[in-house]
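Asks: Residue numbers (our numbering), protein chains in the order written: chain A, 286 to 561; chain Z, 4 to 289.
Every residue, glycine too, gets a C-beta built ideally from N, C-alpha and C.
This is the structure I have questions about; it appears just below.
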Ligand code: SF4
Ligand code: SF4
Ligand code: SF4
Ligand code: SF4
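Below, the structure written as structure tokens:
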């Protein structure tokens with residue numbers, strides 16, 4: 286079974302829910318897809334060990350052969366190539382590795398080399414393996430790493446994906462092809478606004494989903510009212526407890542520091558199983 | 004010269020928008036830009052009146068004409084993003100707009116077509132002009148939309164003789180963040196003293212260094228974990244990053260949000276005072 290934990294707004298507690306759910310159920314694994322800022326590993330003592338580099342194929346130009354015809358420049362949809370005066374310039378950080386320039390070059394001046402965009406690392410324990418990806422500093426596009434990360438999901442385990450925040454391409458990538466999606470939000474205007482955006486996306490994708498309200502008590506009941514009106518199942522509420530925030534800040538999972546919360550996550554998982 | 008300040012945190016939920024909107028209320032002669040196009044929230048507190056809206060096109064998308072297709076398989080072989088099934092069925096939602104399929108199709112059965120990827124707005128608020136945007140769900144090229152927001156904000160600043168642009172940045176380190184940071188005069192990094200907050204703040208400071216953008220920092224909810232706050236102060240010292248303020252944990256921020264006001268409008272209490280002090284420091288640094 287595959288469950289994605291997502292939220293439109295960052296910092297709502299996505300990682301908290303993902304980590305604690307993974308710790309509260311049997312035979313689980315955790316894949317942190319927030320490759321721009323992976324945080325799940327912080328809650329596990331075991332160090333993350335590099336599994337592999339992630340690369341995309343990028344063009345390499347043989348400048349002796351190149352006739353500066355400009356066809357590759359015109360073709361590239363991402364403006365990664367330009368010709369200034371008598372010089373061809375390639376901006377590797379804009380390249381998506383589509384291979385189009387190589388096809389279009391009339392004199393075969395282009396070959397392909399690996400362009401490294403990030404790494405995939407593994408940690409956790411044999412019982413609960415944790416994977417994450419990390420986008421290199423200065424690299425703009427994390428989707429190739431997310432796509433590779435998703436391959437590590439083990440069909441014999443319950444895989445929890447920690448999604449990147451937002452509703453753009455990388456986040457949507459992790460909400461597709463899973464059995465269930467948990468949307469984490471806060472009972473505030475920002476929380477509700479970003480939740481409605483995420484609900485629009487998930488409805489379009491068609492994945493079954495439910496909402497978890499984090500820091501319950503800090504705001505008002507606008508999220509409850511919205512969920513009721515829209516017929517969205519409310520899976521759980523986690524109270525606004527300074528002790529939870531303190532544990533979080535030191536990298537201690539809530540169910541370890543406050544074991545009474547384990548039940549909340551177990552029940553959440555039972556409800557999810559009923560819904561799929 | 005117009006100066007641009009980007010407020011950023013790496014991790015979401017560190018109080019970035021709370022601080023950005025308070026700055027918006029405190030600053031004079033400024034334009035605001037919400038660069039968190041993926042989950043824009045500034046407008047909730049600023050209640051903009053939209054004056055001008057504009058369609059954002061982003062990347063083109065492949066469209067296939069099945070009547071012309073001879074099933075040669077070239078599109079499936081050459082698309083590197085898995086947008087074609089082995090039977091050459093196209094899944095437009097997986098298309099990244101590279102145009103390779105259009106290039107290789109021998110019978111011109113594929114055309115790249117424009118699509119609407121979002122909208123950008125120029126609005127008036129009680130604190131001056133706001134440029135904001137909405138990216139349609141699932142779209143790529145959000146970095147391009149951020150670039151458009153910043154371009155329009157500069158135009159507004161120039162035409163109205165404003166000299167500061169306040170940019171509320173997105174989370175992460177990817178294309179939207181890079182687009183929100185490159186070439187600005189200063190970035191203010193909001194750091195939360197949790198291990199995750201520090202982890203992400205370190206990454207965002209590296210991004211600033213990578214693009215050679217001057218950075219200063221402020222710690223939010225510093226009293227949640229004093230040890231981590233000490234670590235942040237040490238780290239910033241090592242990196243030569245000035246820490247312009249420490250904000251205590253305070254529920255007032257949420258209280259202000261609930262009535263859709265900025266903190267400095269909502270109260271004159273300690274939180275508002277701290278933010279005011281920080282703004283003065285930031286203004287000096289700009
Ligand atoms: S591989 Fe594609 S994205 Fe990269 S430079 Fe060539 S045409 Fe542009
Ligand atoms: S298409 Fe080939 S020959 Fe033409 S400019 Fe590009 S690399 Fe040079
Ligand atoms: S434009 Fe590129 S990504 Fe889109 S379907 Fe064609 S080959 Fe694939
Ligand atoms: S390349 Fe063109 S003709 Fe060949 S399968 Fe694709 S759409 Fe059909």
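Could you check if residue 240(Z) belongs to the surroundings of ligand 2, using beta carbon to heavy atom distance under 7 Å?
Replies: As a working note, residue 240(Z) is residue 237 in the second chain. Checking the Cβ of residue 240(Z) against ligand 2 gives no.
Asks: Residue 223(Z) bridges to which residues according to DSSP?
Replies: Position 220 of the second chain, counted from the first residue, corresponds to residue 223(Z). Note: residue 223(Z) sits in a beta bridge opposite 250(Z).
Asks: Excluding sequence positions up to five away, which residues of its chain have a Cβ less than 6 Å from the Cβ of residue 551(A)?
Replies: Start at 1 with the first residue of the first chain, and residue 551(A) comes out as number 266. Here the set comprises 309.
Asks: Let's see if you can read the secondary structure: which residues bound the alpha helix (DSSP H) around residue 474(A)?
Replies: Here residue 474(A) corresponds to residue number 189 of the first chain, with the count starting at 1. 474–490 is the span of the alpha helix (DSSP H), which, as asked, contains residue 474(A).
Asks: Determine whether the Cβ of residue 294(A) lies closer than 8 Å to any Cβ atom of chain Z.
Replies: As a first step, residue 294(A) must be located in the first chain, where it is residue number 9. Cβ-Cβ to chain Z under 8 Å: yes for residue 294(A).
Asks: Which residues neighbour ligand 1 when neighbourhood means a C-beta less than 5 Å away from any of its non-hydrogen atoms? List them by chain order.
Replies: That gives 344(A), 361(A), 363(A), 365(A), 380(A), 381(A), 383(A), 385(A), 386(A).
Asks: Sorry if obvious, but does the Cβ on residue 355(A) come closer than 7 Å to a heavy atom of ligand 2?
Replies: By one-based count along the first chain, residue 355(A) stands at place 70. Under cutoff, so the answer is yes.
Asks: For residue 217(Z), collect the residues of the same chain with a Cβ closer than 7 Å to its Cβ; drop the 5 residues on either side in sequence, then sort them by chain order.
Replies: Mapped onto the second chain, residue 217(Z) falls at position 214. Closer than 7 Å at the Cβ level, and outside the excluded window around residue 217(Z), lie 189.
Asks: When the cut-off is 8 Å and only beta carbons count, does residue 261(Z) lie next to chain A?
Replies: Within the second chain, residue 261(Z) is the residue found at index 258, counting from 1. Yes - at least one Cβ of chain A is within 8 Å of the one on residue 261(Z).
Asks: Can you give the Cα-Cα distance for residue 229(Z) and residue 196(Z), rounded to whole angstroms?
Replies: In the second chain, residue 229(Z) corresponds to position 226, counting from 1. In the second chain, residue 196(Z) corresponds to position 193, counting from 1. The alpha-carbon atoms of residue 229(Z) and residue 196(Z) are separated by roughly 8 Å.
Asks: Please confirm if the segment 537–555 of chain A is in contact with the segment 120–137 of chain Z, defined as three or more CB-CB distances below 8 Å between the two stretches.
Replies: They do not touch, by the three-pair rule.
Asks: For a minimum of 4 consecutive residues, which ranges assigned as the alpha helix (DSSP H) are wholly contained in the segment 410–455 of chain A?
Replies: Runs found: 428–435.
Asks: Can you tell me which residues form a DSSP beta bridge with residue 3(Z)?
Replies: The displayed coordinates of chain Z run from 4 to 289. Any statement about residue 3(Z) would go beyond what the structure contains.
Asks: Does the beta carbon of residue 150(Z) sit closer than 8 Å to a beta carbon anywhere in chain A?
Replies: Taking the second chain and counting its residues from 1, one reaches residue 150(Z) at position 147. No, its Cβ sits nowhere closer than 8 Å to a Cβ of chain A.
Asks: Which residues does DSSP list as the beta-bridge partners of residue 495(A)?
Replies: Against the first chain, residue 495(A) aligns to sequence position 210. BP columns for residue 495(A) point to 467(A).
Asks: Does the count of Cβ pairs from the segment 432–452 of chain A and the segment 313–321 of chain A closer than 8 Å reach three?
Replies: The segment 432–452 of chain A is in contact with the segment 313–321 of chain A.
Asks: Quick check on DSSP: helix, strand or coil for residue 205(Z)?
Replies: In the second chain, residue 205(Z) corresponds to position 202, counting from 1. If DSSP states are grouped into helix, strand and coil, residue 205(Z) belongs with the helices.
Asks: Candidates 547(A), 493(A), 506(A), 475(A): which alpha carbon is nearest residue 295(A)'s?
Replies: As a working note, residue 295(A) is residue 10 in the first chain. The option with the nearest alpha carbon to residue 295(A) is 475(A).
Asks: I want to check one thing, is the minimum distance from the CB of residue 425(A) to the heavy atoms of ligand 2 below 7 Å?
Replies: As a working note, residue 425(A) is residue 140 in the first chain. Answer for residue 425(A): no, Cβ out of range of ligand 2.
Asks: Using a Cβ-Cβ cut-off of less than 8 Å, give me the residues of the segment 500–534 of chain A that come near chain Z, in sequence order.
Replies: Going along the segment 500–534 of chain A in chain order, one finds 503, 504, 505, 527, 530, 531, 533, 534 with a Cβ nearer than 8 Å to chain Z.
Asks: Under a Cβ-count criterion, where at least 16 other Cβ atoms within 10 Å of its own Cβ denotes burial, should residue 206(Z) be classed as buried or exposed?
Replies: Looking up residue 206(Z) in the second chain gives position 203. Its Cβ being crowded by 16 or more others within 10 Å, residue 206(Z) is buried.
Asks: Can you say whether residue 109(Z) is buried or exposed, counting buried as having 16 or more other CB atoms within 10 angstroms of its CB?
Replies: Reading the second chain from its first residue, position 106 is the one you call residue 109(Z). Its Cβ having fewer than 16 others within 10 Å, residue 109(Z) is exposed.
Asks: Compute the distance between the beta-carbons of residue 250(Z) and residue 219(Z), then report whether it is under 8 Å.
Replies: Counted from its first residue, the second chain places residue 250(Z) at position 247. Counted from its first residue, the second chain places residue 219(Z) at position 216. No. Outside cutoff.
Asks: In chain Z, which residues lie less than 8 Å from residue 297(A) when you measure between Cβ atoms?
Replies: As a first step, residue 297(A) must be located in the first chain, where it is residue number 12. The contacting residues are 15, 16.
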